[in-house]
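Chemist: According to numbering that gives the first Met the number 0, the sequence shown is numbered sequentially starting from 0.
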Amino acid sequence: MNRAELPPTAARASSVDSSPVRDILALTARPEVISFAGGLPAPELFDGEGLRQAFADVLAEAPQQVLQYSLTEGDPALREAAARRLTGRGLPTDPGELLITTGSQQALTLVSTALLEAGDVVLVEDPGYLAALQVFAFAGARVVPVPTDDDGLDPVALEEIVRRERPKLLYLVPTFQNPTGRTLPPGRRRAVAEAAERHGFWIVEDDPYGELRYDGEPVPWISSEPPAADRTVLLGSYSKIMAPGLRLGFLRAPAALRRICVVVKQSTDLHTSTVDQAAAARYLRDRDLDAHVGVIRRAYRERRDALLAGLPGALPAGSAWNRPEGGMFVWVRLPDGLDALELLRCAVKHDVAYVPGAPFYAGEPDPAALRLSFVTHPPEEIGEGVRRLGDAVRELTA
Ligand code: PMP
0 MNRAELPPTA ARASSVDSSP VRDILALTAR PEVISFAGGL PAPELFDGEG
50 LRQAFADVLA EAPQQVLQYS LTEGDPALRE AAARRLTGRG LPTDPGELLI
100 TTGSQQALTL VSTALLEAGD VVLVEDPGYL AALQVFAFAG ARVVPVPTDD
150 DGLDPVALEE IVRRERPKLL YLVPTFQNPT GRTLPPGRRR AVAEAAERHG
200 FWIVEDDPYG ELRYDGEPVP WISSEPPAAD RTVLLGSYSK IMAPGLRLGF
250 LRAPAALRRI CVVVKQSTDL HTSTVDQAAA ARYLRDRDLD AHVGVIRRAY
300 RERRDALLAG LPGALPAGSA WNRPEGGMFV WVRLPDGLDA LELLRCAVKH
350 DVAYVPGAPF YAGEPDPAAL RLSFVTHPPE EIGEGVRRLG DAVRELTA
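1. Just the Cα atoms here: how many angstroms apart are E79 and E96?
2. Out of Q104, D335, A138, D93, which one is the CA nearest neighbour of T112?
3. Does ligand 1 have even one heavy atom less than 8 angstroms from the beta-carbon of Y237?
4. Roughly how many angstroms lie between the CA atoms of L288 and Y237, to the nearest whole one?
5. Roughly how many angstroms separate the alpha carbons of G47 and A53, rounded to a whole number?
6. Heavy atom of ligand 1 less than 8 angstroms from the Cβ of L234, yes or no?
7. State the CB to CB distance for the pair R257 and S222, rounded to an integer number of angstroms; the pair is presumed to be in contact (CB under 8 angstroms).
8. Can you tell me which of the three DSSP states Y170 falls into?
9. Considering only residues of the region 97-168, which uninterrupted beta strand (DSSP E) runs meet the minimum length of 3 residues and lie entirely inside it, listed in chain order?
10. DSSP beta-bridge partners for D205?
11. In this structure, how does DSSP classify L395 when only helix, strand and coil are distinguished?
12. With a threshold of 8 angstroms, establish whether the CB of V172 neighbours any heavy atom of ligand 1.
13. For the beta strand (DSSP E) that contains V331, what are its first and last residues?
14. State the Cα-Cα distance for the pair R398 and T71, rounded to the nearest angstrom.
15. Hey, which unbroken runs of the alpha helix (DSSP H) at 4 residues or more fall wholly within the region 46-76?
16. Report yes if the C-beta of Q105 is less than 8 angstroms from at least one heavy atom of ligand 1; otherwise report no.
17. Tell me the rounded alpha-carbon separation between A397 and G384.
18. Could you have a look at G244 and say whether DSSP puts it in helix, strand or coil?
19. Secondary structure at A195, three-state DSSP: helix, strand or coil?
Here it is, written out as structure tokens:
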């Protein structure tokens with residue numbers, strides 16, 4: 000019998016296929032590789048015992064409830080705990096303003112589905128968070144890059160691009176950005192909020208790293224700027240302060256948009272895992288998350304400092320990098336003429352890895368840029384990793 004060919008898969012899905020970077024990084028799964036590539040939180044810092052107890056408690060006490068279907072909006076106790084935490088950090092929030100999501104990654108998809116028609120313009124930082132670019136591409140949006148400098152998004156460039164492109168939404172990670180580690184200063188946050196007020200566009204403020212501050216003072220959220228209060232969606236996550244495997248995050252959005260996100264989420268996964276939410280809420284009730292975040296901060300500060308201490312001896316003369324006040328990433332620019340992808344090929348032979356910067360750009364990529372994540376390995380291994388990186392640089396430039 001003749002077998003008819005199947006119709007093709009959607010073009011938008013196959014456009015995010017294999018990439019040279021992914022192919023090379025696949026070679027770094029060997030245990031001897033010291034990787035500055037993945038954004039993986041340090042697993043030895045997970046509070047496994049505290050979480051085990053929280054799961055055991057909720058399963059022992061209310062199995063019929065925590066194993067049952069539940070509300071799309073999320074576990075009331077978890078929403079309350081999340082709202083209290085935001086309020087305590089300076090953003091007054093009612094539990095009713097929050098929707099619990101399956102990681103903040105899902106929140107991005109929900110907002111994107113709720114707001115975007117094919118062809119709508121989305122502005123992003125250039126470079127910016129890669130998986131957000133993919134979400135907007137899946138929605139059929141036209142992604143337009145906004146230039147950045149050492150302080151993040153350039154508000155003057157933003158103004159000009161907004162006038163030209165009439166965007167529907169601006170997506171940004173203002174604090175300890177992925178991939179650059181940069182933080183947008185208060186004046187620029189105000190300028191972004193005022194631009195949204197003046198021109199009418201949504202702001203999606205993605206903040207999975209804000210609690211991981213090692214020096215300096217917290218900077219207020221764009222969500223707390225009055226001009227943008229009715230047009231900003233804040234995304235939060237428990238991935239970096241509790242554990243990413245829980246897949247717990249939330250979005251805080253104005254009522255009308257939040258209601259649409261609830262409907263979208265209902266059709267996506269009905270709700271985030273009942274038992275995971277209940278265990279997290281129990282953990283937040285019985286344990287001291289602030290103390291745990293303090294432990295993570297101290298460990299990551301040491302790791303950042305170990306990386307920064309090693310870079311001058313490893314990178315070629317003329318390289319430049321930043322000193323982030325928090326988060327997980329340092330952004331490096333090699334001297335002109337050096338290619339971060341080429342150096343990665345050499346680095347992998349020396350059992351060390353990182354991510355070249357190019358894939359993070361929606362606009363013209365900078366082939367000399369690269370991202371170093373400093374949180375996955377303890378300081379001694381970071382020191383060894385940086386020495387290997389130095390060997391790779393010397394081999395490449397010899
Ligand atoms: N936004 C940014 C900027 C991220 O870096 C990440 C995780 N790498 C996420 C969102 C997704 O986090 P979650 O685990 O909460 O889905």
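Just so you know, even glycine gets a beta-carbon here, dropped at the ideal spot from N, CA and C.
Modeler: If we stick to the structure as given:
1. By one-based count along the sequence shown, residue 79 stands at place 80. By one-based count along the sequence shown, residue 96 stands at place 97. Between E79 and E96, the C-alpha separation is close to 10 angstroms.
2. Start at 1 with the first residue of the sequence shown, and residue 112 comes out as number 113. The shortest C-alpha separation from T112 is found at A138.
3. Start at 1 with the first residue of the sequence shown, and residue 237 comes out as number 238. Yes, since a heavy atom of ligand 1 falls inside the 8 angstroms radius drawn around the Cβ of Y237.
4. Along the sequence shown, one-based indexing puts residue 288 at 289. Along the sequence shown, one-based indexing puts residue 237 at 238. Taking the straight line from one Cα to the other gives about 11 angstroms.
5. As a first step, residue 47 must be located in the sequence shown, where it is residue number 48. As a first step, residue 53 must be located in the sequence shown, where it is residue number 54. For G47 and A53, the distance between alpha carbons rounds to 10 angstroms.
6. If you number the sequence shown from 1, residue 234 lands on position 235. Correct: L234 has its Cβ closer than 8 angstroms to ligand 1.
7. Here residue 257 refers to the residue found at position 258 when the sequence shown is read from its first residue. Here residue 222 refers to the residue found at position 223 when the sequence shown is read from its first residue. Not a contact, Cβ separation roughly 13 angstroms.
8. Within the sequence shown, numbered from 1, the residue matching residue 170 stands at position 171. Y170 falls in the strand class under three-state DSSP.
9. 97-100, 120-125, 141-148
10. In the sequence shown, the residue the question calls residue 205 occupies position 206. Partner(s): L234.
11. Residue numbering aside, residue 395 sits at position 396 when the sequence shown is read from its first letter. In this structure, L395 counts as helix in the three-state DSSP scheme.
12. Residue numbering aside, residue 172 sits at position 173 when the sequence shown is read from its first letter. Under cutoff, so the answer is yes.
13. The residue labelled residue 331 in the question sits at position 332 within the sequence shown. Counting along the chain, the beta strand (DSSP E) containing V331 begins and ends at 328-332.
14. Nothing in the structure corresponds to residue 398, since the chain is present only between 0 and 397.
15. 47-60, 62-65
16. In the sequence shown, the residue the question calls residue 105 occupies position 106. Yes, since a heavy atom of ligand 1 falls inside the 8 angstroms radius drawn around the Cβ of Q105.
17. Residue 397 sits at position 398 when you count from the first residue of the sequence shown. Residue 384 sits at position 385 when you count from the first residue of the sequence shown. Looking at the two C-alpha atoms, the distance is approximately 20 angstroms.
18. For the purposes of this step, residue 244 is taken as residue 245 along the sequence shown, with counting starting at 1. Helix.
19. Mapped onto the sequence shown, residue 195 falls at position 196. The answer is helix: DSSP assigns A195 an H, G or I state.
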